[in-house]
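Working notes, structure below.
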Amino acid sequence: MDPRAIEELLPAWRESAPVESPVTSDELWFLTTRGKIKAPLTPPPLRNAGKYVTSLQKLSVWLGERAEEAGAQVFPAFPGQELLWDGERVIGVRTGDKGLDHNGQAKSNYEPGADILAKVVVLGEGPRGTLAKQAEARLGLTQGREPQVYAAGVKELWQLPDDRFKAGSVIHTLGYPLPPETFGGGFIYGMAGNVLDIGMVTGLDYKNPTTDPHNELQRMKEHPAIARMLDDATLIRYGAKAIPEGGLFAMPRPYADGLLIVGDSAGFLNGMRLKGIHLGMKSGMLAAETLWEALQAEAFDRATLASYERRFKESWAYAELRTARNFHQGFHNGLLPGLINAGLATVTGGAGFGFINKLPGEPGYARMVKMGWQPKETPRAKIDNVLTFDKLTDVYNSGTMHEENQPSHLIVSDTNICKDRCTVEYGNPCRSFCPAAVYEPLFEKTDGKFEGRLQINFTNCVHCKTCDIADPYQIITWVPPQGGEGPVYTGM
C-alpha cells in the first residue's frame, strides 16, 4: 500500500491501522523453468521504500469502524441488485431479496430487498461492478474510451514454521510459468506472524483458451526457488480477484445525474506499479469533496457532479495514472516488447511506444484464439495436496459458503452457444479460466453433434468475476448472490 492517500485522510493512521509491516526489501526475479535471474536493479515502479504490506480485508474493517465513528451507517450483507431510475437519473439502489429457492420462489424465511433512495449513489463495487455495468450500458459511460482490460489475481496465504521470510520482504516475478505472449507475473509478500502471501496475476487477454490462472499459481509454486520457501508450511487461505489493468484511457466517465463511480469500478489502478489501494481511497475522497459541494448547492445533476472528473484531473492521482497510461497495452505483442515499452515509459512520462499519446487497446476476450475441439493444453501442475492443490481444495480454503437452494448468481444467457459453438471453437474455456471449478461442461459428441448440458456449480464461486470478463461470447453475467454469502477474506 502506498500511504499517500491515507495520510491525507487520516494523518494519525499509523497509530492504530492494522498494517503488517513497512516494506523492508524489494527484489525482481525472472524465472526460467528451473532457475532464476535476480534483477541487479529493481525498476523504479517496483521500488517500494516507504510503502506498506497490508491485508486489505483488515484495513477495510478498520476503515469501516472509522467511518462509523464519524457517523456513517454500514449495512453489510445487503448487496445492490439493481439501480433505481427516474428517467436517466439514478435515484437509488434496490438490494437483493433473501430466502428465494432455486426456482425464484419465496421460502419460509423470505425477506424482500429494500429500495434505498439517495440524492447521489456512489458505486464502489470493485472491478466489473454489477451496478456500474448497468449504468455504463444505459448511459454510454464508456463511449469514446478504450476497452477496459483485466487480469485475474489468484493468491494463497501460507503459515510458515519459522521466520525464513521476513515481514515486509517483497518479491515480484516474471517469466515462468507464463509463456512470453501472456501478460502477468507473480508476487510474494512477507506478512506479520510468519505468513507468506503468494500469488500469480494472469492477464485475461491471453490467446490460448486453455490458460488457467489457478493452474499457473500451482505451477509457480513448483519452481524450486518458490517450493523451498514453502517447505513444512501450511496453506491457510485462498482467494481470487479480477484487476482492472486498462489504465487511464480505459476509465469510464465516472459521473452522471445522481451517480458517481469510484475505485476499481472506475479503473483507479496503476498496473505499472501493481497498486490501487491509494488510488481507490483518493477517488473516494474526491467524490466526497464533490458531494459536499453538491449538497451545499442542492444540485445533484450531471453538470454539478462533473466537477468530480475535474478534481481528478487536477490531482496527483491523475498525474500518476498518466505515467502508466500505456503500460498494459504495450504487452499486446508479448513480454519483451512490453518490457521495452515500460522502460521507455519511465523516461517519456508514460508515452512509451504511444508517441502520439496513446496505444490502442481491445477487450481481452476478443484476443482468444479459436482452436477447435481438443486444443493444445497448457502444461498442468502435478497436484500433491502438500505444495499444490486442485481447485476444489482451494475453494475449501477460501471459506466460500453459498446456500444451495437459491437462484444461481451466475447467469448464462444462452447455453446453446456453449454446446453448439464454444465446444467446437474454443473447447469450453470456462473449464480453465474459472479458478473455482464453477463451470462443468457436460457435452459429448454423438453422430457428429454435441449434446448435453452446462452444469454451473455456483456454490463454489469465489466472486472474482473472471467468467463475466473472459467469456469469449460475453453471455455470462455475474450478479450478487444472497446477501452475506461468498468467500471468507480473513487476512487477504
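Those letters in the sequence shown? Residues 1134 to 1625, by the working numbering.
The beta-carbon is built from N, C-alpha and C at its ideal position, and this holds for glycine as well.
This one's a predicted model, so the numbers in the text were calculated from it and none came from an experiment.
Legend entry - Three-state secondary structure assigned by DSSP to Tyr1529: In the structure shown, Tyr1529 sits in a helix (DSSP, three-state: H, G or I).
Legend entry - CB contact flag (Glu1153, Val1194, <9 Å): At a Cβ-Cβ threshold of 9 Å, Glu1153 and Val1194 do not count as neighbours.
Inset, instruction - Quick one: grab the DSSP three-state call for Ile1321. - result: Looking at Ile1321 - three-state DSSP - the assignment turns out to be strand.
Inset, instruction - Could you check the C-alpha separation between Glu1355 and Thr1157 for me, to the nearest Å? - result: Going by the C-alpha atoms only, they are around 26 Å apart.
Legend entry - Length of the line joining the Cα atoms of Gly1482 and Lys1491: One C-alpha to the other measures close to 12 Å.
Legend entry - Beta-carbon spacing of Gly1232, Pro1212 below 9 Å: Taking 9 Å as the Cβ cut-off, Gly1232 and Pro1212 do not qualify as a contacting pair.
Legend entry - Endpoints, beta strand (DSSP E) assigned at Gln1190: Per DSSP, Gln1190 belongs to no beta strand (DSSP E); it is in the alpha helix (DSSP H), Leu1189 to Glu1202.
Legend entry - Ile1410: first and last residue of the uninterrupted beta strand (DSSP E) it sits in: Not the beta strand (DSSP E): Ile1410 falls in the alpha helix (DSSP H), residues Ile1410 to Ala1430.
Legend entry - Continuous beta strand (DSSP E) stretch holding Pro1574: start and end: For Pro1574, the uninterrupted beta strand (DSSP E) run begins and ends at Tyr1572 to Thr1579, by DSSP.
Legend entry - Top-ranked residue by Cα proximity to His1596, from Pro1245, Val1528 and Arg1271: Checking every option, the nearest Cα to that of His1596 belongs to Val1528.
Inset, instruction - Within 10 angstroms of the Cβ of Gly1220, are there 16 or more other Cβ atoms? Answer buried if so, exposed if not. - result: Burial check for Gly1220: the Cβ neighbour count within 10 Å stays below 16, so the residue is exposed.
Inset, instruction - Could you tell me if Met1534 is buried or exposed, where buried requires 16 or more neighbouring beta carbons within 10 angstroms of its beta carbon? - result: Around the beta carbon of Met1534, fewer than 16 other beta carbons lie within 10 angstroms, which makes this residue exposed.
Inset, instruction - On a CA-only basis, which of Ala1366, Leu1250 and Phe1583 is nearest Val1519? Give me that one, please. - result: Per the C-alpha coordinates, the member of Ala1366, Leu1250 and Phe1583 positioned closest to Val1519 is Ala1366.
Legend entry - Supposed contact pair Ile1589 and Ser1546 - C-beta distance, whole angstroms, cut 8 Å: Rounded, the Cβ-Cβ distance is 13 Å, inconsistent with contact.
Inset, instruction - Please go through the same chain and pick out, in chain order, the residues whose beta-carbon is closer than 7 Å to the beta-carbon of Glu1714, but skip the five residues on each side of it. - result: Residue 1714 is absent from the model: the chain starts at 1134 and stops at 1625.
Inset, instruction - Taking Gly1326 as the reference, give the member of Lys1524, Pro1151 and Asn1181 with the closest Cα. - result: If we check each option's Cα against that of Gly1326, Pro1151 comes out closest.
Inset, instruction - Please report the residue range of the alpha helix (DSSP H) in which Lys1446 lies. - result: Per DSSP, Lys1446 belongs to the alpha helix (DSSP H) from Ser1440 to Lys1446.
Inset, instruction - Inspect the beta-carbon positions of Leu1329 and Asn1403 and report whether they are closer than 9 Å. - result: Remark: C-beta atoms of Leu1329 and Asn1403 do not approach each other more closely than 9 Å.
Legend entry - Cβ pair Ala1172, Ala1285 closer than 9 Å: Judged by beta-carbon spacing, Ala1285 lies beyond the 9 Å limit of Ala1172, meaning their Cβ atoms are not closer than that value.
Inset, instruction - Using only alpha-carbon positions, find the residue among Asn1593, Ala1247 and Arg1271 that is nearest to Leu1525. - result: Ranking the options by Cα distance to Leu1525, first place goes to Asn1593.
Inset, instruction - Determine, using beta carbons only, whether Ser1531 and Arg1370 come nearer to each other than 9 Å. - result: Yes, the pair counts as a contact, with Cβ atoms nearer than the cut-off.
Inset, instruction - Tell me, please, which residues DSSP counts as bridged to Thr1367. - result: DSSP lists Gln1292 as partners of Thr1367.
Legend entry - Lys1509, buried or exposed, once every other Cβ within 10 Å from all chains shown has been counted against 16: That one is exposed.
Inset, instruction - Apply the 10 Å Cβ neighbour rule to Asn1181 and answer buried if 16 or more other Cβ atoms are within range, or exposed otherwise. - result: By the 10 Å Cβ count, Asn1181 comes out buried.
Legend entry - Exposed unless 16 or more other CB atoms sit within 10 angstroms - verdict on Val1502: It counts as exposed.
Inset, instruction - Look at the Cβ atom of Glu1279, then the Cβ atom of Pro1574, and state whether they are nearer than 9 Å. - result: With contacts defined by Cβ atoms closer than 9 Å, Glu1279 and Pro1574 do not form a contacting pair.
Inset, instruction - Use the C-beta contact count for Tyr1559: other C-beta atoms within 10 angstroms, 16 or more gives buried, fewer gives exposed. - result: Buried: at least 16 other Cβ atoms inside 10 Å.
Inset, instruction - Give the range of the alpha helix (DSSP H) segment to which Met1353 is assigned. - result: Element bounds for Met1353: Pro1346 to Glu1355.
Legend entry - Ile1473 burial status per 10 Å Cβ neighbour count (16 or more: buried): Per the 10 Å Cβ criterion, exposed.
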